[in-house]
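These protein sequences, in sequence, are chains B and W.
Using the UniProt record's numbering, you'd call the opening residue of the first sequence number 1 and step up by one each time.
Using the UniProt record's numbering, you'd call the opening residue of the second sequence number 1 and step up by one each time.
Number of protein chains: 2
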Amino acid sequence: MATAELKLTKNQRLVLDLLCSSDAPMSAYSILDQLRSEGLRAPLQVYRALDKLIGLGVVHRLESMNAFVACAHPSCHSVEMVGFAICETCGKALEFADNDIAEILSGWASANGFAAKSTSIEIKGTCASCQQAAESASGAE
Amino acid sequence: MATAELKLTKNQRLVLDLLCSSDAPMSAYSILDQLRSEGLRAPLQVYRALDKLIGLGVVHRLESMNAFVACAHPSCHSVEMVGFAICETCGKALEFADNDIAEILSGWASANGFAAKSTSIEIKGTCASCQQAAESASGAE
DNA sequence: TCATTTGTGTAATATTATTACGTAACATAT
DNA sequence: ATATGTTACGTAATAATATTACACAAATGA
Ligand SMILES: [Zn+2]
Ligand SMILES: [Zn+2]
Ligand SMILES: [Zn+2]
Ligand SMILES: [Zn+2]
């Protein structure tokens, strides 16, 4: 994560560091709860920091979950197209980037006269490790 | 819209018909307000109807807007992959289906051991007619 | 210095969604 | 017909998520 050199305010830094240390997406209010000890008191302090970080591309919003996650990519913080595979069992979100999809989507957009600003792809399902866990559990019964 | 032959309850029918007659996505609470005259009183009545209709594939949820829209496709009501281009100016949502994208995404999923259940793609931007309106407005100044 | 932008803190409020509980309608198998 | 299981309904209360409004402070740049 090459976010250390970013010039951020105290609140923005707190939120970003927390998200980076989390292994799963967090809601704005759980971010707030975690940062009360650091002096944050109101939802707006979190939402403002999140807005800025999302604008920088170092945090993404998971639209389908009202949750937020640090960008998994070391440098290329895309705001234009972001994709996640979200496991409904463990709650983790795998970020992916796919040029082919980006091209098809921008092709569709230009063919339809639509000026795209940002695209979000969210796949819901079960991740590999949760599938294995489920298999071995049912096998052991 | 081939939804007439669907066997729905009164509340489900009310919600679906309202969404079909709307030219833009609606929030659950605006659906409720529109249907108060028909006897609906509580959010849950709307959410329950929406859950059912979404399960049938005749209504989609726009994750990024907390809004709901009737499926634009006459027969093939896909639950697996749905895509929308959402205009941030007029609020309308254009539904699209793209086999190429579905294939790439399912390819990514199987390569990563992820069992996908549903996928949502949401493109935010400006639709063709709103772009033209903006152009002619700036040209007229 | 002055003006502008950006960020902060607090309070109040708006919007979206769910839980809990009891009842009614419907299908269908005995 | 009656018992059973499933689905839907209505109401109330509450939880979870997000925004508006206002006043002030810090950083930025001419
Ligand atoms: Zn990213
Ligand atoms: Zn998992
Ligand atoms: Zn559809
Ligand atoms: Zn438009």
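The C-beta atom is built at its ideal place from N, Cα and C for all residues, glycine as well.
Going along the stretch 95 to 127 of chain W in order, which residues come within less than 8 Å of chain B, judged by CB to CB distance?
Phe96, Asp98, Asp100, Ile101, Ile104, Leu105, Trp108, Ala109, Asn112, Gly113, Phe114, Ala115, Ala116, Lys117, Ser118, Thr119, Ser120, Ile121, Glu122, Ile123, Lys124, Gly125, Thr126, Cys127
Is there at least one non-hydrogen atom of ligand 4 closer than 7 Å to the beta-carbon of Lys124 of chain B?
no
Beta-ladder partner(s) of Gly125 of chain W, from DSSP:
B:Ala116, W:Cys87
So which of W:Ala111, W:Ala42, W:Asn112 has the shortest CA-CA distance to Tyr29 of chain W?
W:Ala42
Between Val15 of chain W and Val46 of chain W, is the Cβ-Cβ spacing less than 8 Å?
yes
Which term fits Gly83 of chain B, buried or exposed, when burial requires 16 or more other beta carbons within 10 angstroms of its beta carbon?
buried
Grab the span of the alpha helix (DSSP H) containing Arg13 of chain W for me, first residue to last.
10 to 21
Applying the 10 Å Cβ sphere with the 16-neighbour rule, what's the burial state of Glu80 of chain W?
exposed
List, in order along the chain, the chain W residues whose C-beta lies closer than 8 Å to that of Gln131 of chain B?
Gly113, Ala115
Quick check: the Cα distance between Met1 of chain W and Pro74 of chain W, rounded to an integer number of angstroms?
Note that Met1 of chain W scores 46 on pLDDT, short of 50, meaning its location in the model is unreliable and no value can be drawn from it.
Between the stretch 68 to 92 of chain W and chain B, which residues of the former have a C-beta closer than 7 Å to a C-beta of the latter?
Ala85
Can you tell me whether DSSP reads Val46 of chain B as helix, strand or coil?
helix
Best match in B:Thr9, B:Gly125, B:Asn99 for proximity to Cys76 of chain B [C-alpha to C-alpha]:
B:Asn99
Integer Cβ distance of Leu105 of chain B from Ile123 of chain W, believed to fall under 8 Å:
6 Å
Taking the continuous alpha helix (DSSP H) assigned at Ala109 of chain W, which residues delimit it?
99 to 111
Near Ala49 of chain W, which residues of its chain fall below 7 Å by C-beta distance, leaving aside the five closest residues on each side in sequence?
Asn11, Gln12, Val15
Please list the residues of the stretch 42 to 63 of chain B that have a C-beta atom closer than 9 Å to any C-beta atom in chain W, keeping them in chain order.
Arg61, Leu62, Glu63
For Arg36 of chain B, does the three-state DSSP call read helix, strand or coil?
helix
Does the beta-carbon distance from Asn112 of chain B to Ala134 of chain W come in below 8 Å?
no
Output the residues surrounding ligand 1, defined as those with a CB atom closer than 5 Å to any ligand heavy atom, in chain order.
B:Cys71, B:His73
Same chain, Cβ closer than 8 Å to Phe96 of chain B, neighbours up to 5 away in sequence not counted
Gly83, Phe84, Ala85
Straight-line gap, Leu62 of chain W to Ser78 of chain W (C-alpha atoms, nearest Å):
14 Å
Would you say Ile121 of chain B and Thr119 of chain W are within 8 Å of each other, going by their C-beta atoms?
yes
Are there any heavy atoms of ligand 3 lying less than 7 Å away from the beta-carbon of Ser75 of chain W, as far as the coordinates show?
no
Would you kindly check if the distance between the Cβ of Leu8 of chain W and the Cβ of Gln34 of chain W is under 8 Å?
no
Kindly provide the chain-ordered list of residues whose Cβ lies closer than 5 Å to any non-hydrogen atom of ligand 2.
B:Cys87, B:Thr89, B:Cys90, B:Cys127, B:Cys130
Within the continuous beta strand (DSSP E) that includes residue 205 of chain B, where are the two ends?
There is no way to answer for residue 205 of chain B, as the model of chain B reaches only from 1 to 141.
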